[in-house]
Structure formats: structure tokens, C-alpha cells
Amino acid sequence: MKAMVVREWGSPSILEVVSHPKPGPGEAVLKVKAAGVGLTLLNMRNGSFGGSAPRIMGHELGGDIVEVGAGVSSLSIGQRCAVYFYLTCGRCRWCCGGRETLCENFGGFVGVHRDGGFAEYVCLPVENFLPIPDGLSYEAAAIATDAVNTNWHCMRERAKINPHDSVLLIGAGGGVGIHGVQVAKLFGARVIAADVSDEKLALAKTWGADETINVKNNPNLVEAVMQMTQGKGVNAAIDYVGHGSTFQMAYDSLSISGRAVVVGVGKGDISINPRKLMLSEKIITGSRHSTRTELIETMEVMARGIIKPVVGMTRHFSEIENIFDAIKNETLLGRGSLTYE
Ligand SMILES: [Zn+2]
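Under UniProt numbering, think of the first position of the sequence shown as 1, with each following residue one higher.
Shown next, in the form of C-alpha cells:
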């Protein structure tokens with residue numbers, strides 16, 4: 001089959017012909033029909049998620065089951081499925097308790113620790129395939145599996161967004177952030193979108209942001225947030241960038257009892273005054289991807305058209321490097337999408 005192979009981390013993926021995957025016991029093979037592409041993949045390709053190369057990347061996937069291994073009865077040939085990103089044990093206290101992204105026996109990521117779907121076919125454990133509901137396209141299902149479900153978990157379980165909340169999204173115009181705007185609005189919040197380009201902020205506005213702040217023109221984000229909230233701050237701040245500098249701004253923008261949640265993976269630390277933290281009862285936390293249940297819920301909500309995939313660029317999977325270039329140049333608006341025909 002044809003596949004985009006990363007020979008070593010840090011180098012571009014190249015089109016190769018590799019052997020067709022054979023499913024072992026408990027595994028199945030998906031013919032890939034659509035894939036999503038975002039910044040996380042570039043970080044993976046640079047080696048920052050570990051794993052070994054050569055590797056076929058790609059974890060935001062939708063397609064059809066074409067083959068199942070021995071003992072598999074939970075999937076049928078021809079079934080439309082999306083791919084769950086994390087390789088978890090399914091047995092530890094976190095997996096059993098509905099917090100499987102904290103799995104004690106974490107096996108890594110699809111597309112990093114075993115081959116993913118920037119190829120015609122992908123072979124994974126059956127637990128990593130979830131049915132796509134009727135009415136949801138392969139492309140929308142693919143984008144649900146990281147760019148949208150990450151927000152579902154973040155807004156509901158970690159930031160605990162309510163209709164009376166003001167929420168700051170740092171990096172709101174990125175591939176995950178733009179879907180975060182939609183999810184935060186769905187939970188009824190007033191959304192303040194911050195990003196570094198007018199194009200990205202215009203997109204955030206299109207998808208429901210109430211106010212926007214261009215951090216390039218207005219580097220004092222905290223002051224701008226305070227002005228917009230009568231000096232009170234926001235009830236929640238979500239940081240899609242994840243640098244110490246951005247998360248510090250998220251934390252400093254909070255109101256009393258506000259929640260700062262980091263979703264992005266960046267560099268650097270923040271500084272916190274414990275006395276002020278005690279007096280304000282602010283909460284600092286992370287939000288790690290989503291559970292399978294949350295992915296199922298996300299796809300159901302998307303099938304009803306309440307949250308829509310925001311795709312800024314579509315290419316054939318053999319041209320994925322074009323999308324990576326757009327991400328590097330910060331010209332990609334929303335998610336990238338791959339076709340396989
Ligand atoms: Zn586990």
C-alpha cells in the first residue's frame with residue numbers, strides 16, 4: 001500500500017510503498033477515507049512525543065473496517081469508524097474510572113508509538129475504533145477525534161464552563177482553539193478569543209467569539225481582559241499554546257475562583273504566589289485529550305450539526321507536507337484535512 005513515511009524524526013514524510021498491514025488477534029484494519037492535520041503532528045514529527053521512526057503518522061482518522069483479526073466480534077466489515085488517539089490498557093484504575101488518558105500502563109499514541117493512518121490502511125487494536133454515527137462525514141469524524149473532543153473534555157470536565165462564565169481562549173484561531181470557541185459557546189459562555197493574527201481572530205468571530213484580542217498589537221493581554229471584564233477577570237482561561245508565558249497570562253487573567261486550564265504543549269514555567277492562590281481559590285489544571293465516551297458524545301453532537309468542523313485546507317494524503325508548511329507559516333486557518341481518493 002502507499003504510505004507517507006517519516007524515516008527519522010525531524011525529517012519530512014515521503015511517499016513509499018510498504019506492506020499491507022495484517023491484523024493480529026484483537027486487531028482490525030481500517031481503509032482510511034479522511035484525516036485531520038494540526039500542529040500536534042508537527043511536534044510529533046520533530047520527535048517531541050517520543051516513539052521510534054521510521055513511522056507512518058496520522059491519528060485523526062475516519063474510514064471503513066475492511067479486515068478483522070482472530071477473535072474480533074465487536075466490529076464488522078464495512079463498518080464506518082473513527083480512530084481513538086491513545087493506546088490505553090483498559091484495566092487500570094484510571095481506565096476503569098473513566099479517565100483513561102491518565103492510564104498507568106499508557107502505550108503511547110497512534111501515529112507515534114505504532115503506525116497511524118497517513119497511509120491507505122491502518123491496523124489498530126479494536127478498542128481504538130469507534131463507530132461513526134449516521135449523518136457524520138468521514139472528514140468531520142476524523143476532526144472530532146482530536147480537534148473537537150479535546151475541547152469537549154476541557155470545557156465540561158476541567159474548565160467546568162457554565163452559561164454565566166466568561167472564558168478566555170488563548171490561541172483561539174488554531175486548529176483546536178477554533179473548535180473550542182464553538183464548544184464554549186455551546187456551554188453558553190461569553191467567549192473572549194486571543195490570538196496573534198487578525199485573520200485568525202476574524203475566524204474566531206465567525207464561529208461565535210464575542211470579543212477578540214490581537215496579542216501581537218496588544219501584548220498586555222491581562223490588562224485587555226481586565227478592561228473587558230470590569231476589572232474582575234475571566235471565570236476560565238484555556239491555553240492552547242502551553243508556553244510558560246501564555247499560561248502565566250491565562251492564570252493572571254482569572255477572576256476569584258477562576259480556572260486556568262492548559263491544553264497546549266509548550267515550554268517554560270509559571271510563577272504563583274501561594275497566599276494569593278489560597279485567598280482567591282483559583283484552580284490551575286491541565287486537560288488531557290478525551291475519553292472514548294467523550295469522543296462518542298462529540299461525534300453525536302457533530303452529527304446533529306451543533307458543532308461543525310472548521311477546515312482551512314484540503315490536500316491528498318501524499319501532499320501532507322503542504323499542510324505542514326502552512327502550519328509553520330501560520331497561514332492555516334482551522335484544521336487541515338486529507339483526502340485518500
Ligand atoms: Zn489503563
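Ideal Cβ positions, reconstructed from N, Cα and C, are used throughout, including at glycine.
Examine ligand 1 and report whether any of its heavy atoms sits within less than 6 angstroms of the Cβ of C95.
Within 6 angstroms of the C-beta of C95 there is at least one heavy atom belonging to ligand 1.
Work out the CA separation of T331 and E300 for me, nearest whole Å.
30 angstroms
Quick test of your reading: N149 and S290, contact by CB under 8 angstroms. State the CB separation rounded to the nearest angstrom.
Contact holds; Cβ gap of about 4 angstroms.
How is the alpha helix (DSSP H) around V241 delimited, first residue to last?
V241 -> no alpha helix (DSSP H), and no H or E assigned at all.
What is the DSSP secondary structure of P96, counted as helix, strand or coil?
The question names Pro, but residue 96 is Cys in the sequence shown. Residue state, collapsed to three classes: helix.
Since I believe L338 is in contact with V37 (beta carbons under 8 angstroms), could you give me their beta-carbon distance rounded to a whole number of angstroms?
6 angstroms
If I'm right that I56 touches M4 with Cβ under 8 angstroms, what's the distance once you round it to whole angstroms?
7 angstroms
Does the structure place the stretch 59-74 close enough to the stretch 13-32 that three or more beta carbon pairs sit under 8 angstroms?
yes
From the DSSP output, in three-state form, read off C154 for me.
C154: helix per DSSP, three-state reduction.
Go through the stretch 125-185 residue by residue and report every complete run of the alpha helix (DSSP H) that reaches 4 residues or more, in order.
Under the rule that a run must span 4 or more residues, the alpha helix (DSSP H) segments found entirely inside the stretch 125-185 read 138-143, 149-153.
Is the CB-CB distance between G47 and W94 below 7 angstroms?
By the CB criterion at 7 angstroms, G47 and W94 fall outside the cutoff.
Using a Cβ-Cβ cutoff of less than 8 angstroms, which residues in the same chain neighbour L87 once the five nearest sequence positions on both sides are dropped?
F106, G107, G108, F109, V110, H113, R114, P125, N128
Below 6 angstroms, is the gap between the Cβ of T229 and the nearest heavy atom of ligand 1?
no
Which term fits V17, buried or exposed, when burial requires 16 or more other beta carbons within 10 angstroms of its beta carbon?
By the Cβ neighbour-count rule, V17 is exposed, with fewer than 16 other Cβ atoms within 10 Å of its own.
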